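So the protein sequences, as listed, match chains L and Y. The first sequence begins at 1 in UniProt numbering and counts up by one. The second sequence begins at 1 in UniProt numbering and counts up by one. Cβ atoms here follow ideal geometry from the backbone N, Cα and C, with glycine treated the same way. Nothing here was measured: the structure is a model prediction, and the numbers come from that model.
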Amino acid sequence: MLRRDMFKAGMGLAVAGALTLGAGAGAALAQDKQVIGVAIPSATHGFMGGLNFHAREAIKRLETTYPSLSFVLATSGDAGKMVNDIEDMVATRDIDALVVLPFESEPLTAPVQAVKAQGIWVTVVDRGLSVPGIEDLYVAGDNTGFGRVAGEYFAENLGEGDNVVVLRGIPTTLDNERVEAFEAAIAGSGINVLDMQHGNWNRDDAFDVMQDFLSKHEDIDAVWAADDDMAVGVLEAINQAGRNDEMWVVGGAGMKEIVKRIMDGDPMLPVNVTYPPAQIATAIELTALGLVSATPVSGRFIIGSQRITPENAEQFYFPDSPF
Amino acid sequence: MTSSATPSVPPTAETPSGTAPAETAPVRKPRRRFGLHVLGPLMALVALIVLGAFLNDNFLSAANVQNVLARSAFIGIIAVGMTFVITAGGIDLSVGSMAAFTAAITILAMNALVAPLGVSVLTIALGMGVALLAGLAAGLVNGALVARVRIEPFIVTLGAMGVYRSLTTWLADGGTLSLNYELRTLYRPVYYDGPFGISWPIIVFALVAILGELAMRSAPFGRHCAAIGANEQVARWSAVRVDGTRMATYALLGLLVGVATIMYVPRLGSASGGTGMLWELEAIAAVIIGGTVLKGGFGRVWGAVVGVLILSLIDNILNLASIVSPYLNGAIQGVIVILAVVLQRERKADS
């Protein structure tokens, strides 16, 4: 991380620009090749940054492995732009397969259905479309598992009368699924959930919310921050209040800084739960495999949420990823 | 010069001689000067404090007061600058993205300086200088496009908002830029500590607010801003340097974004594409709650400070009390903003 920052500051924008160009040039089109279009949201926060990184890495790797494939990568800041990007891919790049992480389910459903109607292979990632059965392949993380795995750790390590606070994400069905699974997993353990507020998967918001939780509650034994960006803000607020010894924090999604601290045995960060941004790589790899071979890849591929512990943390540590 | 346009109301603490003709002209009866439009924001603030104290015993604890003031400081410092921009008839939508961009540049600069200078106070001081310069430069670009090239400020700053936000995401490679860990440890006290147990952001916020209030009330700069916002043509005829003053408001705001960034970076030691999201709208809302007229001509710096505190306290109380669903936090803030503007209209309906 340090080296990357210094490198950037030192060499200036030109080098970073060249890298970006390099990634873009990789998507150059050759007419006799099979083309895979990849449409994902732009890198507006840590998780999506990681997802963008893994998408570019997978494309780079596959272009070397399969010279007969070429890729078009489009990142969009909103659902409307994503629809335009997909239409452009079909109209001008003649794609054979589409890998899409829908920005929002509803607005993307009809356009992706139209792509499918033209006989193009469709792989949907992470967020499902609102009409079932459009996609040939569905690859996603396990949101229910994400909440459940975290909840199980709380149930195992806390008991009757222990108090926890929860920071939720941006109000969405995805967040609801996680929280409901967490609540189900701790049901009957006697753990009190003192408070739940939305930290919006944002460091600053989580910092403010945690400061207020600390003012409000005398006795907190653990925090479920549900996302590693939020965990960073939470840890700083606890640190400021000088209550480091009183509670531990479980984040989620496996941000490299947090995974590193788990590897190092930080007592405040006992475990983490995966929700890998690298799932986009799974989707691209499977789609490519389906195009170049007769390997059957249609169906649903749900990537389980795993518990990261100090013992296994090394296999979840990606020092080069931005997330 | 602008005082020539001021009507014959005797200057008092509540109507400084510099306020614009359009705002003071209808005020003929002196007793109305202490009407709802002045006391409204203050009353709202007091009501929120009473409500908070009633709902939670820890609300008035030193730690909570310190938390709320310190986290208000970023938007508060920006809102003081925004008051001048709006008073002079402008608007700046780019400050949130500008803060993110400035924070990113500052972190990159500090990390790069660790190699030649080591983890030292000098590194941090130079980094702070970079933050101020970056903010000032960004403000000057906005100001030049508005005042010299004469593009609508809404358009200029809307464009700048997109540019700085994207540049930040790009610099961070879509992830998060983090300050060197040892440097962070050295820099951290700038947010968390300060003299007499009052943290630095609060002190800087107070200083900026006091200086801003003085500049708005007593200095030619504040009077010129109000004159330009009230009637640009009249201001020009009154020998006010309209373009220069207008540019200066944006430059000042940019510089204050730099100041806010200096306080922000040590808090979490990181910046990403999500930093400073919607700060511009919070700052504008605070300015308007405080009684500054959105279309220009009249500004109240202390009002903007009260506005920022009101917005922060709503969040704080909602977190402390759990009285309504957290889904509704935004709705409550929205209602308060609209109520504040309704109070502004009251006095026009009166006269």
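Practice task
With residue 72(Y) as the anchor, note down where its alpha helix (DSSP H) starts and where it stops.
Solution key: On the second sequence, position 72 is the one that residue 72(Y) refers to. Where residue 72(Y) is concerned, the enclosing alpha helix (DSSP H) stretches over 62-87.
Practice task
Would you list the one or two residues that DSSP bridges to residue 299(L)?
Solution key: Residue mapping note: residue 299(L) aligns to position 299 of the first sequence, counting from 1. Beta-bridge pairing links residue 299(L) to 137(L).
Exercise for the section: Could you tell me whether any Cβ in chain L is nearer than 8 Å to the Cβ of residue 187(Y)? Expected result: On the second sequence, residue 187(Y) is found 187 positions in, with the first residue counted as 1. Among the residues facing chain L, residue 187(Y) is not included, as its CB has no counterpart in that chain under 8 Å away.
Exercise for the section: Decide if residue 315(L) is buried, meaning its Cβ has at least 16 other Cβ atoms within 10 Å, or exposed. Expected result: Residue numbering aside, residue 315(L) sits at position 315 when the first sequence is read from its first letter. Label assigned to residue 315(L): exposed.
Exercise for the section: Identify the contact partners of residue 233(L) in chain B, using a Cβ-Cβ distance below 7 Å as the criterion. Expected result: The structure shown contains no chain B; the protein chains it does contain are L and Y.
Problem - Given residue 193(L) as reference, the closest of 158(L), 138(L) and 215(L) once Cα atoms are compared - result: Along the first sequence, read from residue 1 onward, the residue named residue 193(L) stands at position 193. Nearest of 158(L), 138(L) and 215(L) to residue 193(L), Cα basis: 158(L).
Problem - Buried versus exposed, by CB contacts within 10 Å (16 or more), residue 282(Y) - result: Translated into the one-based positions of the second sequence, residue 282(Y) becomes position 282. Buried: at least 16 other Cβ atoms inside 10 Å.
Problem - CB contact below 8 Å: residue 53(L) versus chain Y - result: On the first sequence, residue 53(L) is found 53 positions in, with the first residue counted as 1. Output row for residue 53(L): interface = yes.
Handout entry: Residues of the stretch 45-68 of chain Y with Cβ closer than 7 Å to any Cβ of chain L, in chain order
Key = 56, 58, 61, 63, 64 and 67
Practice task
Compare the C-alpha of residue 251(L) against each of 225(L), 238(L) and 186(L) and name the closest.
Solution key: Walking along the first sequence from the start, residue 251(L) turns up at place 251. Per the Cα distances, 225(L).
Handout entry: Classification of residue 248(Y) by the beta-carbon crowding that lies within 10 angstroms, buried from 16 upward
Key = Here the question's residue 248(Y) lines up with position 248 in the second sequence. So residue 248(Y) ends up on the buried side.
Handout entry: Residue range of the alpha helix (DSSP H) that includes residue 159(L)
Key = Within the first sequence, the letter at position 159 stands for residue 159(L). Residue 159(L) -> no alpha helix (DSSP H), and no H or E assigned at all.
Problem - Rounded separation between residue 320(Y) and residue 119(Y) - CA only - result: Reading the second sequence from its first residue, position 320 is the one you call residue 320(Y). Reading the second sequence from its first residue, position 119 is the one you call residue 119(Y). Taking the straight line joining both Cα atoms gives about 39 Å.
Exercise for the section: Indicate the three-state DSSP secondary structure (helix, strand or coil) for residue 253(L) in the structure shown. Expected result: Stepping through the first sequence from its first residue, residue 253(L) is reached at position 253. Note: residue 253(L) maps to coil in three-state DSSP.
Problem - For residue 195(L), the residue or residues it bridges with in DSSP - result: Counting from 1 along the first sequence, the entry for residue 195(L) is found at position 195. For residue 195(L), which the question treats as bridged, DSSP gives the partners 165(L).
Exercise for the section: Measure the alpha-carbon distance for residue 304(L) versus residue 139(L) and round it to whole angstroms. Expected result: The residue labelled residue 304(L) in the question sits at position 304 within the first sequence. The residue labelled residue 139(L) in the question sits at position 139 within the first sequence. Inter-residue distance for residue 304(L) and residue 139(L) is about 11 Å (C-alpha atoms, whole angstroms).
Exercise for the section: For residue 207(L), go through chain Y and note every residue whose CB falls closer than 9 Å to its CB, in chain order. Expected result: Translated into positions along the first sequence, residue 207(L) becomes position 207. By Cβ distance, chain Y contributes 71, 267 and 268.
Problem - Local Cβ density within 10 Å of residue 80(L), reported as buried at 16 or more and exposed below that - result: Within the first sequence, the letter at position 80 stands for residue 80(L). So residue 80(L) counts as exposed.
Problem - Nearest residue (CA-CA) to residue 55(L), options 74(L), 257(L) and 249(L) - result: Translated into positions along the first sequence, residue 55(L) becomes position 55. Closest by alpha carbon: 74(L).
Problem - Neighbouring residues, chain Y, relative to residue 46(L) (Cβ below 7 Å) - result: Against the first sequence, residue 46(L) aligns to sequence position 46. What residue 46(L) touches in chain Y: 175, 176 and 272.
Practice task
Check the Cβ-Cβ distances between residue 215(L) and every residue of chain Y, and say whether any is below 8 Å.
Solution key: By 1-based counting over the first sequence, the position of residue 215(L) is 215. For residue 215(L), the answer is yes, since a Cβ of chain Y falls inside 8 Å of its Cβ.
Handout entry: Cβ-Cβ separation, residue 270(L) to residue 254(L) (assumed contact under 8 Å), whole Å
Key = To locate residue 254(L), count along the first sequence from 1; it is residue 254. To locate residue 270(L), count along the first sequence from 1; it is residue 270. Residue 254(L) to residue 270(L), Cβ: 14 Å. No contact.
Handout entry: From 148(Y), 252(Y), 171(Y) and 79(Y), residue whose alpha carbon lies closest to that of residue 49(L)
Key = Position 49 of the first sequence, counting from 1, holds the residue named residue 49(L). Nearest option by C-alpha distance: 171(Y).
Handout entry: Backbone CA spacing between residue 305(Y) and residue 286(Y) [nearest angstrom]
Key = One-based indexing of the second sequence puts residue 305(Y) at position 305. One-based indexing of the second sequence puts residue 286(Y) at position 286. Residue 305(Y) and residue 286(Y): Cα-Cα distance of roughly 7 Å.
Problem - Reduced DSSP category for residue 302(Y) - H, G, I as helix; E, B as strand; rest coil - result: Against the second sequence, residue 302(Y) aligns to sequence position 302. In this structure, residue 302(Y) counts as helix in the three-state DSSP scheme.
Problem - chain L within 8 Å of residue 322(Y), Cβ atoms only - result: If you number the second sequence from 1, residue 322(Y) lands on position 322. It does; some Cβ of chain L falls within 8 Å.
Problem - Cβ-based burial, residue 213(Y) [other Cβ within 10 Å; buried from 16] - result: Taking the second sequence and counting its residues from 1, one reaches residue 213(Y) at position 213. It is buried - the Cβ of residue 213(Y) has at least 16 other Cβ atoms within 10 Å.
Exercise for the section: Check the Cβ-Cβ distances between residue 236(L) and every residue of chain Y, and say whether any is below 8 Å. Expected result: To locate residue 236(L), count along the first sequence from 1; it is residue 236. When Cβ-Cβ separations below 8 Å define contact, residue 236(L) makes contact with chain Y.
Handout entry: Contacts of residue 49(L) in chain Y (Cβ-Cβ under 9 Å)
Key = Taking the first sequence and counting its residues from 1, one reaches residue 49(L) at position 49. Within 9 Å Cβ-Cβ: 169, 172, 173, 174, 175, 176, 272 and 273.
Handout entry: Sequence-distant residues of the same chain with beta carbon closer than 7 Å to residue 307(L), five excluded per side
Key = The sequence position of residue 307(L) within the first sequence is 307, counting from 1. The residues are 149, 153, 271 and 273.
Practice task
Would you please verify whether the beta carbon of residue 264(L) is less than 8 Å from any beta carbon of chain Y?
Solution key: Locating residue 264(L) in the first sequence gives position 264, where the first residue counts as 1. No, its Cβ sits nowhere closer than 8 Å to a Cβ of chain Y.
Handout entry: Under 8 Å (Cβ pairs) to chain L, residues found in the stretch 294-318 of chain Y
Key = 315 and 316
Exercise for the section: Within its chain, find whatever has a CB closer than 6 Å to the CB of residue 127(Y); leave out the 5 residues flanking it on each side and keep chain order. Expected result: Position 127 of the second sequence, counted from the start, is the residue given in the question as residue 127(Y). Excluding residues within five positions, the ones whose Cβ falls inside 6 Å are 106, 109 and 110.
Problem - Against chain Y: residues of the stretch 156-183 of chain L by CB proximity under 7 Å - result: Within the stretch 156-183 of chain L, the qualifying residues are 171.
Exercise for the section: With 8 Å as the threshold, decide whether the Cβ of residue 322(L) is near any Cβ in chain Y. Expected result: Start at 1 with the first residue of the first sequence, and residue 322(L) comes out as number 322. For residue 322(L), the answer is yes, since a Cβ of chain Y falls inside 8 Å of its Cβ.
Problem - Any chain L beta carbon closer than 8 Å to residue 250(Y) - result: Reading the second sequence from its first residue, position 250 is the one you call residue 250(Y). Not one beta carbon of chain L lies nearer than 8 Å to the beta carbon of residue 250(Y).
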